[in-house]
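Quick notes on the structure that follows.
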Amino acid sequence: MQSIPRPFNFFEGFVMTLREMLSRRPALVLAAPFNSLWSEEEAFDRVNALSGEEFRNVAGRRTFRIELANTGYFVKIHRGVGWGEIFKNLVTGKLPVVGATSEFRAATHLKQFGVSTLTVGAFGAKGFSPARTESFLVTEEIAPAVDLEVLTKSWKIEPPSFVFKHSLIGALARLIRDMHEAGVNHRDCYLCHFLLHSDSLSGMIRLSVIDLHRAQIRQSVTGRWMIKDLAGLAFSALDIGLTQRDYLRFLMMYFESDAGSIFEGRRHELEAIKLRLEKFARRKNKYGDLL
Numbered sequence: 016m017q018s019i020p021r022p023f024n025f026f027e028g029f030v031m032t033l034r035e036m037l038s039r040r041p042a043l044v045l046a047a048p049f050n051s052l053w054s055e056e057e058a059f060d061r062v063n064a065l066s067g068e069e070f071r072n073v074a075g076r077r078t079f080r081i082e083l084a085n086t087g088y089f090v091k092i093h094r095g096v097g098w099g100e101i102f103k104n105l106v107t108g109k110l111p112v113v114g115a116t117s118e119f120r121a122a123t124h125l126k127q128f129g130v131s132t133l134t135v136g137a138f139g140a141k142g143f144s145p146a147r148t149e150s151f152l153v154t155e156e157i158a159p160a161v162d163l164e165v166l167t168k169s170w171k172i173e174p175p176s177f178v179f180k181h182s183l184i185g186a187l188a189r190l191i192r193d194m195h196e197a198g199v200n201h202r203d204c205y206l207c208h209f210l211l212h213s214d215s216l217s218g219m220i221r222l223s224v225i226d227l228h229r230a231q232i233r234q235s236v237t238g239r240w241m242i243k244d245l246a247g248l249a250f251s252a253l254d255i256g257l258t259q260r261d262y263l264r265f266l267m268m269y270f271e272s273d274a275g276s277i278f279e280g281r282r283h284e285l286e287a288i289k290l291r292l293e294k295f296a297r298r299k300n301k302y303g304d305l306l
């Protein structure tokens with residue numbers, strides 16, 4: 016019998032943050048076309064000189080889009096946020112993002128397992144102190160595509176066809192199952208972090224998982240980490256008009272099991288998801304978002 020996952024532990028989060036920082040070493044990976052455009056010595060200077068359409072600019076992290084040879088790329092530049100920001104994250108129950116290393120590792124790991132995700136063009140990391148560390152990640156744009164939050168925004172008013180919704184739910188469940196079976200938990204597992212390839216609208220559903228900067232790689236994704244991802248996804252889908260049957264279909268596809276077996280053998284996980292949903296609601300009311 017499985018127990019309900021235990022809550023976030025400040026000390027464990029602190030240890031995990033230290034382990035992440037200390038495990039990093041000066042590193043540089045250049046794939047085509049960047050391996051023919053940048054030398055290893057100038058890579059950081061070249062990245063810092065880039066500019067483009069800005070999508071995010073928060074403490075220690077900037078994300079923008081560039082084009083190179085008619086191909087779009089997203090550039091994420093991370094700089095040390097200092098111990099103050101790290102402790103602020105930990106006391107609010109969040110493991111802090113201390114660089115691009117986690118996203119690089121997760122994307123590379125998922126690719127090895129055949130999970131559709133980001134394609135890395137360039138990655139670099141240097142420094143150990145959270146106040147001075149510097150890292151970057153350049154990934155190829157997945158286009159044309161639409162994120163599932165945008166896609167489903169009008170579903171309450173303009174429901175999709177049963178066939179399309181049925182197929183999309185199944186494809187999403189399989190993608191998340193494959194991600195977890197590969198040993199990666201997302202930690203920001205919301206609809207907006209899954210892209211539907213545009214050709215899926217008239218054919219077979221193709222999805223990709225993105226924004227892996229908080230993802231972790233572990234031996235197996237079970238217990239609270241599985242629950243957190245599934246509850247986060249469910250929370251992000253609360254207002255799009257899904258039915259109980261839709262949620263059940265997702266669970267059946269994710270667990271590869273029939274409804275009876277899920278209700279009988281997965282009742283502790285279902286209860287844990289419910290508790291997590293309530294926690295997400297309280298957190299959103301208190302902090303204004305889930306991030």
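Residue numbers (this note's numbering): 16 to 306.
The beta-carbon is built from N, C-alpha and C at its ideal position, and this holds for glycine as well.
- When the beta-carbon positions are compared, L210 and S223 come within less than 9 Å of each other.
- In the structure shown, F138 falls within a strand segment according to DSSP collapsed to helix, strand and coil.
- Short of 6 Å from the beta carbon of E149, and not among the five residues preceding or following it, lie these beta carbons of its own chain, in chain order: R94, K141, G142.
- Between K126 and R189, the alpha-carbon positions lie close to 15 Å from each other.
- Contact between L290 and A121 is ruled out by a C-beta separation of about 26 Å, above the 8 Å threshold.
- Assignment of L206 by DSSP, reduced to helix, strand and coil, places it in the helix class.
- Inter-residue distance for K243 and I288 is about 7 Å (C-alpha atoms, whole angstroms).
- G139 is not a Cβ neighbour of M268, given a cutoff of 9 Å.
- When the Cα atoms are used, G218 and A158 turn out to be separated by approximately 16 Å.
- When secondary structure is reduced to three states using DSSP, T154 falls in the strand class.
- The beta-carbon separation of V130 and A197, rounded to 6 Å, stays under the 8 Å limit for a contact.
- Counting along the chain, D254 sits inside no beta strand (DSSP E), nor does DSSP assign it H or E at all.
- For the pair R264 and H181, the CB atoms are nearer than the 9 Å cut-off.
- Comparing C-alpha distances from E284 to each of Q259, W240, L257, S251 shows the shortest one belongs to W240.
- Membership of E69 in the beta strand (DSSP E) is indicated by the continuous run 68-73.
- One thing to note: R229 has its Cβ within 9 Å of the Cβ of R202.
- Comparing C-alpha distances from V199 to each of S176, E118, L187, E173 shows the shortest one belongs to E118.
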